[in-house]
Amino acid sequence: MGESLNRAATPELLHYRPWRGEFRTPAASIWPIARVALTSIFQKWMFWIIYILGLLIFLLFFFGQYLLSWAETQAGETDVQLGGWGRMNPRHLIALFRGFLKLDGSAESYRSFFAYQGYIVMIVLALAGSILIGNDLRFGSLPYYLSKPLSRWHYLLGKGLAVAVFINLMTTLPAIVLFAQWGVLESWEYLFERFDLLLGILGYGLVLTVTLTVLLLATATWLRRTVPLIMMWTTLFFFCRLLSAAMVDGLRFSPRWRLIDLWNSTSLIGAACLGLDLETIRPGNQPPWYEAALVLGGVSLLCLTYLIRRIRGVEIVR
Amino acid sequence: MPDLLDSPDSGRGDRPLTAISVSRDPKGSAPPALPFGSRLTEEAAALPLLLCQRVSKWYGPVIGVNQVTLELRSGITGLVGSNGAGKSTLMRLITGQLRPDLGSIEIRGHDAWSTSARRHVGYCPELDSFYEEMSGRQFVEAMARLYGYPRREALDRAAFALERVGMAGRAERRVRGYSKGMRQRIKLAQALLHDPELMVLDEPLSGIDPVGRDEFVRLFGDLASMGKCLLISSHELEELEKLTDHLAIMAHGRIAAVGTVAQIRDRLDNHPLLIRIDVKRSSPGENDSENDERRRLAAGLLKLNDVVGVELLDARPEDAVDPVLVRARNPQRFFQELTRLVLEEWYEIARLETLDDSTSAVLGYLLSGRSA
Amino acid sequence: MLQWEGLIWCAAQGENMGQSEANDRRTTIDLRNLSRWYGEFQALCDVTFQLAPGRVGLLGPNGAGKSSLLKILLGLLSPSSGTGHVLGHPIGVEGTALRRAIGYMPEADALVPGLRGADYVALAGELYGMSRREAQRRAHEVLTYLELEDARYRRLEEYSTGMKQRLKLAQALVHDPPLLLLDEPTSGLDPAGREAMLRLLLTLGRDHNKSILLSTHLLGDVERVCDSVLILHKGRLLLQGGVAELCRRRQDRYRLQIQGDATAFREELRLEGVQVLHDNGRGELRVAVPSQWVTRAFFTLADNHRVLLRGLQPDDEDLEELFHRVLKDQT
Amino acid sequence: MVPDYNENEGERETVSLKTANRSLAVVSPLLPDSTSGLRAWFYLVWLSWRRQARSQQMVWIAVGLLLFSVSLVAIFTARGAWSMRYWRWPYRQGPTYMQWADEVQMLASLPDASAEGQGVQAALAASVRGIILYSGFPIFSHWIVFLLFLSFLVPLFNLSFATEALGGERESNSLIWLLSRPLPRPAIYLAKFAALLPWTIGLTLGGFVLLCLVGGQSGLLALRLYWPSVLAATLAFSSLFYFMGATFRRPAVAAIVYAFFLEVIFGNMPGYLKRISIGFYARCMMFDAAGDFGVQPERPEIFLPVDGATALAVLLGLTVLLLGIGTVAFSRAQYHEVV
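Residue numbers (the numbering used here), protein chains in the order written: chain A, 173 to 490; chain B, 13 to 384; chain C, 13 to 343; chain D, 498 to 836.
Next comes the structure, spelled out in structure tokens:
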């Protein structure tokens with residue numbers, strides 16, 4: 173009887189409609205997961221502050237290249253006064269700047285850009301890791317994802333794709349912009365003659381993407397909480413860097429110790445991709461690139477093994 | 013006649029349902045029992061336990077609580093209302109977790125935000141997180157010691173509180189592995205520790221199985237009979253009805269009505285009471301006499317002063333009863349006259365049921381009437 | 013056995029839907045000797061049952077194994093022993109096809125922070141394997157149906173509890189599954205919201221032929237929506253059957269609502285041979301009457317003792333009493 | 498045994514109270530005499546301290562890092578790596594510096610040199626030898642204390658424990674249990690800080706002691722000279738990151754941006770901009786303490802150090818200031834997401 177009263181109240185104009193259609197393969201859900209992960213990070217103001225800090229380095233290179241090539245066309249032959257230090261030919265001065273920042277469109281320029289981005293990429297990834305995996309645990313999104321017809325691999329691949337996008341957004345993409353800028357500023361031939369550089373940039377980006385993504389996913393699934401993740405991540409990228417500097421530069425140990433600095437190792441492989449000679453890399457005394465590749469490969473493999481065991485063995489769902 | 017309903021307010025339905033405060037004492041004139049180990053000065057006892065005066069609270073541009081006035085002295089009060097009506101915000105304000113933007117909240121004369129007010133209040137929050145690595149007992153003991161009791165006394169109080177909520181045997185397991193019901197019990201135990209006069213319980217019944225709910229309802233009744241004042245928010249109106257009929261109804265951040273369900277219902281004069289009466293067929297199978305019986309009843313009912321309308325409902329032929337639906341004002345007089353009618357006219361009534369005087373029906377009328 | 017193998021094969025091939033649907037009509041869920049251990053703790057113990065399509069309530073005290081059962085049906089947990097099929101898909105083997113046939117509404121919030129309502133449901137559609145555009149279109153359709161029309165473009169953080177629950181139902185419905193697994197769909201809902209949710213579930217089940225497995229603590233939900241019930245206790249299946257058949261009919265019991273001082277009235281009832289079983293102290297009495305009792309006697313007594321009889325209902329056993337009775341038999 | 502109020506018992510109590518010369522009206526309303534705010538506060542300190550230990554991953558990573566650094570330093574010490582004695586020139590291939598010094602002396606002792614020349618040569622060789630032998634302390638200072646310890650371990654330990662103290666409670670929604678007790682909010686803030694200090698000071702100062710003890714002679718000297726600056730820096734970092742925990746929604750990320758980005762950038766900027774970094778003052782204190790032992794900024798005219806007393810005053814003042822601001826902010830904060 174109560175039911176009849178309720179019924180009278182709301183005439184149902186819009187009926188439920190069934191749906192019939194083709195389902196796609198579960199692999200198609202990787203991109204939606206990544207897309208959502210990306211949007212959730214793009215909504216954080218903290219991310220944008222860090223990203224802008226990272227962009228500063230890019231802008232330094234970008235406008236540095238531009239200003240120097242502009243200055244070259246403007247510079248006369250007369251010497252200019254430099255504070256109280258003496259006089260100097262502006263062309264020498266420009267050459268000095270170019271030498272210092274390597275703003276000369278050479279392979280060295282891109283390698284140093286990648287290397288300078290290290291800190292900021294590291295911080296962004298610590299943030300991303302704690303949001304991508306940590307948030308799902310904190311807000312209980314995991315049952316939502318895993319009750320859908322996709323395996324845990326698809327879930328992790330989706331998250332990994334998002335991480336990869338961040339890494340490339342901060343490294344490869346600006347490097348390509350710098351490459352194009354140099355072509356526009358100097359000569360169009362540069363773009364074709366030094367096509368190998370573009371391939372090198374892409375290779376460098378690929379190395380970074382693969383190793384860092386796997387590493388981040390493994391550490392984030394292992395540690396889950398923000399603070400331990402940040403501790404581990406800073407240890408990997410600051411402590412190891414300081415340690416390797418102390419060992420090799422300070423205490424004159426074997427240059428092989430530099431291999432524990434993962435960012436430096438990616439830099440070595442990147443240099444090899446760009447076709448650079450080891451001698452040009454600062455700080456000096458670097459181990460050969462294939463040793464770095466071996467270390468990074470080993471680390472990635474270790475992380476992958478951990479991920480596989482983790483996914484097979486333990487229930488993620490509480 | 014019971015004087016509960018003969019309050020001067022009843023019957024005047026055009027009066028707007030503003031926030032009126034009704035304090036209620038289940039034991040009439042008996043003085044409220046005092047908590048263990050505490051003595052009230054005369055003045056303090058005269059102050060209302062909880063006094064909210066024109067309290068408003070915003071979250072940014074969103075208003076959470078809008079000029080709420082509420083006074084509580086003892087007994088159980090149910091705080092009901094739809095999701096987002098501001099119940100939790102009001103409870104957070106009372107327990108000093110939030111500060112009102114306008115108005116004042118006093119607990120025995122202390123500002124609710126102050127430390128001294130919190131000694132009088134036990135709070136069972138809605139959220140569901142603890143120090144998960146502790147066992148239930150460790151958690152409650154830690155909470156007891158944070159009140160500043162000596163170690164020995166804190167342990168005793170924790171043990172007692174756990175006993176009260178029926179967790180004494182299960183308190184050694186880690187909170188991490190507790191079910192929702194056990195978590196609710198632990199939450200309640202920590203609110204009992206310092207034997208507060210006022211207990212503010214936010215959704216204490218949600219997620220508990222029927223067996224546990226019965227235990228809780230009994231426990232709340234015991235607490236109230238010990239002289240505690242309980243403010244309980246719940247969506248489970250059936251359970252709340254078992255516990256109390258004194259309600260504060262919130263809607264859109266405001267208190268729409270305070271009082272017993274019957275008081276509130278009687279003031280809803282624009283919604284006549286809907287009553288279902290099943291009358292037994294005098295001799296089953298004979299169509300004429302069957303119609304005769306309920307038509308006779310309907311005609312008799314229509315003659316009553318308070319009846320607004322009568323509706324004959326169709327019954328299934330296999331049932332031996334015919335339902336009649338009556339709408340009537342002034343329930344008091346209507347039921348008196350119905351009794352007289354039944355006795356005089358010799359009806360055999362199989363069922364007499366008021367369909368819309370339950371808490372949920374009252375709530376539905378009140379809230380839908382407001383928003384329309 | 014041969015028949016099951018054939019079914020598995022059909023599901024794997026993703027064709028010949030006619031046959032599998034024909035089978036669906038007979039059983040939605042078929043579990044045999046299912047057990048699940050968490051270390052030493054046994055969450056499910058030798059559970060065996062078959063369910064025909066329909067609306068089924070899953071009842072049990074806290075920790076009875078309801079959530080574990082739902083997760084096993086969904087393929088999120090694997091059973092420690094035993095076998096089972098859901099809509100012809102074996103559990104624990106074929107996750108993808110199984111989960112496509114199920115809409116799951118988890119108990120916890122399970123939100124993705126930062127999304128808008130429509131995006132959230134569309135994402136669920138995409139994850140189920142719908143194309144992006146189709147998922148978006150369907151998301152709007154489902155949200156409209158669930159009366160979340162106005163809230164579609166709000167962020168999930170701003171949703172109230174009632175809206176969150178309906179949103180969770182929306183994401184379970186987006187791909188139009190034949191089976192819905194609902195874990196506490198009305199918890200935290202206000203009465204109006206709960207009524208609306210139950211009405212939706214009833215309509216979905218009755219008019220749109222969705223099979224529903226509804227796990228809840230609120231027995232009223234089951235009474236309102238379901239036509240049969242499963243009661244679990246400590247991992248064991250205690251009772252399975254239709255709600256109407258299980259509840260006892262009692263001709264001799266009445267529930268009375270009295271207004272006024274009932275002491276004398278009760279006394280008189282006792283003298284007349286009526287047994288007062290329960291008095292809640294606020295005027296509600298449950299009584300057992302002797303045979304040949306006429307209800308008019310209640311009115312007479314009430315009139316004599318100047319109390320008002322406001323309610324009189326036959327007191328058949330309801331689900332709550334059934335539940336308590338079954339649990340009591342167990343212990 | 499607790500709440501059941503008994504009329505007679507209450508009367509007996511009042512009687513006994515009256516004999517104790519306290520009238521009924523004086524007894525504080527409703528407050529059982531057995532509670533004590535101070536006791537509650539100390540228990541809160543103890544509870545918070547214990548709860549920090551419960552976040553095990555964090556503690557293990559911190560201890561692991563410390564032990565790793567200590568064992569590395571121990572290995573270096575065992576190999577005598579602190580002095581330049583075993584350094585080779587040309588890099589890693591030629592003879593060691595000591596061999597060079599011996600070489601020089603051998604050259605000097607050639608018979609055809611004059612006696613004066615021989616004397617000068619001998620003195621020169623001895624002083625070179627001395628410099629080489631005692632180069633341990635500056636090397637230890639620069640690489641271990643400044644680089645590894647002050648710019649990594651100290652910020653990291655403080656960051657993780659201090660942001661977790663309040664931020665962790667906020668993240669896990671358990672702050673409500675403290676806020677609903679009858680404890681004044683400033684007391685809660687200070688208690689959690691007091692509970693935090695044993696962890697951060699223990700890890701930084703204790704870690705420093707360990708590092709120095711295994712660092713041999715140079716380490717002992719470093720310990721004697723540097724411990725006040727390590728302590729002061731710890732206090733300042735702790736109070737800063739703790740304050741971040743009370744205000745930011747993601748304090749750990751904000752703190753890492755500060756500690757490993759802003760500190761690095763500002764700390765190495767020329768001019769006065771670096772004076773807003775905590776690490777700068779800690780280094781100034783160290784330079785001031787160890788100036789006599791040859792440890793100084795590489796380019797004082799760019800580094801522009803302040804003297805040790807000022808640096809100490811700044812660090813302590815900062816600690817007190819941040820604590821004060823934090824206490825006020827926490828007392829007024831209404832944690833919507835928590836309650």
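Think of the CB as a built atom: it goes at the ideal place given N, C-alpha and C, for glycine as much as any other residue.
> Along the chain, which unbroken stretches of the alpha helix (DSSP H) at least 4 residues long are found entirely within the segment 54-133 of chain B?
Replying inline: 54-58, 99-106 and 127-130
>> Does D:P725 come out as helix, strand or coil in the three-state DSSP assignment?
In response: Counting from one through the fourth sequence, the residue named residue 725 of chain D turns up at place 228. DSSP places D:P725 in helix when its eight states are reduced to three.
>> Is D:V792 close to chain A? Criterion is C-beta to C-beta, closer than 9 angstroms.
In response: Start at 1 with the first residue of the fourth sequence, and residue 792 of chain D comes out as number 295. Not closer than 9 angstroms to any Cβ of chain A, the Cβ of D:V792 fails to qualify, so no.
>> Please report whether the beta-carbon of C:A76 lies at a distance below 9 angstroms from any beta-carbon of chain B.
In response: Working through the third sequence from its first residue, we reach residue 76 of chain C at position 64. Yes, its Cβ sits closer than 9 angstroms to a Cβ of chain B.
> Considering only residues of the same chain and omitting the five flanking positions on each side of C:L210, which have a CB-CB separation below 8 angstroms?
Replying inline: As a working mapping, residue 210 of chain C is identified with position 198 in the third sequence. Hits under 8 angstroms: T198, D233, R236 and V237.
> Do B:E145 and B:R186 have their C-beta atoms within less than 9 angstroms of each other?
Replying inline: Position 133 of the second sequence, counted from the start, is the residue given in the question as residue 145 of chain B. Position 174 of the second sequence, counted from the start, is the residue given in the question as residue 186 of chain B. Yes; because the gap between Cβ atoms is below 9 angstroms, this pair is in contact.
>> Please classify A:L473 as buried or exposed, where buried requires at least 16 other C-beta atoms within 10 Å of its C-beta.
In response: The residue you call residue 473 of chain A lines up with position 301 of the first sequence. By the neighbour-count rule (16 or more Cβ atoms within 10 Å), A:L473 is not buried but exposed.
> Is there at least one Cβ from chain A nearer than 9 angstroms to D:I775's Cβ?
Replying inline: Within the fourth sequence, numbered from 1, the residue matching residue 775 of chain D stands at position 278. Chain A, which has no Cβ nearer than 9 angstroms to the Cβ of D:I775, makes this no.
>> Buried or exposed for A:A334, going by 16 or more other Cβ atoms inside 10 Å?
In response: Locating residue 334 of chain A in the first sequence gives position 162, where the first residue counts as 1. Buried.
>> Between which two residues does the alpha helix (DSSP H) holding D:F800 run?
In response: To locate residue 800 of chain D, count along the fourth sequence from 1; it is residue 303. Start and end: P797 to F800.
> What's the C-alpha gap between C:C57 and C:E296?
Replying inline: Start at 1 with the first residue of the third sequence, and residue 57 of chain C comes out as number 45. Start at 1 with the first residue of the third sequence, and residue 296 of chain C comes out as number 284. So the alpha carbons of these two residues sit roughly 41 angstroms apart.
>> Give me the subset of the segment 322-356 of chain A whose CB atoms are less than 8 angstroms from a CB atom of chain C, sorted by chain position.
In response: L322 and S323
> If we cut at 9 angstroms on Cβ distances, does C:H290 have a partner in chain B?
Replying inline: Here the question's residue 290 of chain C lines up with position 278 in the third sequence. Output row for C:H290: interface = no.
> What's the call for C:L212, buried or exposed, on a 16-neighbour Cβ count within 10 Å?
Replying inline: Position 200 of the third sequence, counted from the start, is the residue given in the question as residue 212 of chain C. Under this definition C:L212 is a buried residue.
> Which one of C:Q183, C:Y140 and C:K222 has the shortest CA to CA distance from C:E153?
Replying inline: The sequence position of residue 153 of chain C within the third sequence is 141, counting from 1. The shortest Cα separation from C:E153 among C:Q183, C:Y140 and C:K222 belongs to C:Q183.
> Where DSSP assigns a beta bridge to A:W354, which residues make up the other side?
Replying inline: Locating residue 354 of chain A in the first sequence gives position 182, counting from the first residue. In DSSP, A:W354 forms no bridge with anything.
> Quick one: which chain D residues come within Cβ less than 8 angstroms of B:Y3?
Replying inline: Nothing can be reported for residue 3 of chain B: it is not among the residues displayed for chain B, which extend from 13 to 384.
> Looking only at its own chain, which residues have a Cβ that is under 6 angstroms from the Cβ of D:D771, when we skip the five neighbours before and after it?
Replying inline: Indexing the fourth sequence from 1 puts residue 771 of chain D at position 274. Asp is not the amino acid found at residue 771 of chain D; the sequence shown has Lys there. Taken in chain order, the residues that qualify are F763, G764 and F777.
> Just how far apart, CA to CA, sit D:F758 and A:Q289?
Replying inline: Position 261 of the fourth sequence, counting from 1, holds the residue named residue 758 of chain D. Position 117 of the first sequence, counting from 1, holds the residue named residue 289 of chain A. Going from the Cα of D:F758 to the Cα of A:Q289 covers about 12 angstroms.
> Closest to C:E332 by CA distance: which of B:E250, B:A373 and B:A340 is it?
Replying inline: Counting from 1 along the third sequence, the entry for residue 332 of chain C is found at position 320. Taking only the C-alpha atoms, the option nearest C:E332 is B:E250.
>> Can you find the residues in the same chain that come closer than 6 angstroms, C-beta to C-beta, to B:Q202, ignoring five residues on each side of it along the sequence?
In response: Counting from 1 along the second sequence, the entry for residue 202 of chain B is found at position 190. Contacts found: V152 and M155.
> Cβ of C:E52 less than 9 angstroms from any chain B Cβ?
Replying inline: As a first step, residue 52 of chain C is located in the third sequence; it is residue number 40 there, counting from the start. No, no contact with chain B.
> Between A:E244 and A:L448, which are expected to be in contact by the criterion C-beta below 8 angstroms, what is the C-beta distance as a whole number of angstroms?
Replying inline: For the purposes of this step, residue 244 of chain A is identified with residue 72 of the first sequence, where counting begins at 1. For the purposes of this step, residue 448 of chain A is identified with residue 276 of the first sequence, where counting begins at 1. That pair is no contact at about 24 angstroms.
> Name the DSSP beta bridge partners of B:A260, please?
Replying inline: Residue numbering aside, residue 260 of chain B sits at position 248 when the second sequence is read from its first letter. DSSP lists B:L91 and B:V270 as partners of B:A260.
>> Measuring only the C-alpha atoms, how far is B:L364 from C:L324?
In response: Reading the second sequence from its first residue, position 352 is the one you call residue 364 of chain B. Reading the third sequence from its first residue, position 312 is the one you call residue 324 of chain C. Those two C-alpha atoms are separated by around 5 angstroms.
> Would DSSP call A:M403 helix, strand or coil?
Replying inline: One-based indexing of the first sequence puts residue 403 of chain A at position 231. Three-state result, A:M403: helix.
> Looking only at its own chain, which residues have a Cβ that is under 7 angstroms from the Cβ of D:G665, when we skip the five neighbours before and after it?
Replying inline: Here residue 665 of chain D is taken as the residue at index 168 of the fourth sequence, counted from 1. Around D:G665: S552.
>> One question on the structure: do B:Y135 and D:S677 come within less than 9 angstroms of each other, judged by their Cβ atoms?
In response: Numbered from its first residue, the second sequence carries residue 135 of chain B at position 123. Numbered from its first residue, the fourth sequence carries residue 677 of chain D at position 180. Contact: yes.
>> Just to make sure I have the definition right: I need the residues of chain A whose C-beta is within less than 7 angstroms of the C-beta of D:A749. Which are they?
In response: Taking the first residue of the fourth sequence as position 1, residue 749 of chain D is located at position 252. Under the 7 angstroms cutoff, chain A gives T398, V399 and I402.
>> I'd like the span of the beta strand (DSSP E) that includes B:V363, first residue to last.
In response: The sequence position of residue 363 of chain B within the second sequence is 351, counting from 1. Residue 363 of chain B is actually Arg in this sequence, not Val. Element bounds for B:R363: I361 to T366.
> So is A:E451 buried or exposed if we call it buried at 16+ other beta carbons inside 10 Å?
Replying inline: Taking the first sequence and counting its residues from 1, the one referred to as residue 451 of chain A is at position 279. Under this definition A:E451 is an exposed residue.
> Applying the criterion that 16 or more other CB atoms from any shown protein chain within 10 Å of the CB defines a buried residue, is A:V467 buried or exposed?
Replying inline: The residue labelled residue 467 of chain A in the question sits at position 295 within the first sequence. With 16 or more Cβ atoms within 10 Å of its Cβ, A:V467 is classed as buried.
> For A:F235, does the count of other Cβ atoms within 10 angstroms reach 16, so buried, or fall short, so exposed?
Replying inline: Sequence index remark: in the first sequence, residue 235 of chain A carries index 63 (1-based). It counts as exposed.
>> How far does the alpha helix (DSSP H) with C:S80 in it extend, from its first residue to its last?
In response: Taking the first residue of the third sequence as 1, we reach residue 80 of chain C at position 68. From DSSP, the alpha helix (DSSP H) with C:S80 extends over K78 to L86.
>> What does the Cβ neighbour count give for B:H247, buried or exposed, with the cut at 16 atoms within 10 Å?
In response: Residue numbering aside, residue 247 of chain B sits at position 235 when the second sequence is read from its first letter. By the 10 Å Cβ count, B:H247 comes out buried.
> So C:L313 and C:L281 are in contact, right, with Cβ under 8 angstroms, and what is the actual spacing, rounded?
Replying inline: Taking the first residue of the third sequence as position 1, residue 313 of chain C is located at position 301. Taking the first residue of the third sequence as position 1, residue 281 of chain C is located at position 269. 6 angstroms between Cβ atoms; contact.
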